[in-house]
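Only one structure is covered here, and it is reproduced in the block below.
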Amino acid sequence: LIHLGTKDFTDLCNSSKGVETGQITDLIFFGLQQILPLMTQGLLQYPTLCQMYFSLVGFMVETYPEKLCALPFELFSSLLDSLLFGMSHSD
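The numbering of the sequence shown is our numbering, which starts it at 356 and goes up by one.
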């Protein structure tokens, strides 16, 4: 999901007139909404998975903050719980 949001991929899609940036953003947030309920504190103990998850979340928060506000309450709460866990268990 994080690779879909990179500038190079977005520029490539815009140049081919096939996919608009808004559609890519919607797709990334749809994927994030699918992943959020699955991310448990147990899964976040795996370093590679944890690093990729927080890279994705960090990218999404920095790049598309307006979409973050549109998340349903349950998903937003789940995201905040995972962020709090990540901050308290960082190396």
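Backbone N, C-alpha and C define an ideal beta-carbon position, used for all residues, glycine too. All figures in this text were calculated on a predicted structure; none of them were measured in a lab.
Could you give the DSSP three-state label for residue i: helix, strand or coil?
i	result
Cys405	helix
Met442	helix
Met394	coil
Pro427	coil
Take the Cβ of residue i as the centre, count every other Cβ of all protein chains shown within 10 Å, and call the residue buried at 16 or more, exposed below.
i	result
Val412	buried
Ser433	buried
Tyr401	exposed
Inspect the beta-carbon positions of residue i and residue j and report whether they are closer than 9 Å.
i	j	result
Met415	Ile379	no
Leu430	Leu391	yes
Going by beta carbon distance, what residues of the same chain come within less than 6 Å of residue i, once the five residues before and after it are set aside?
i	result
Pro427	none
Ignore the nearest five residues each way along the sequence and tell me which others in residue i's own chain have a CB closer than 7 Å to its CB.
i	result
Phe440	Gln396 and Leu399
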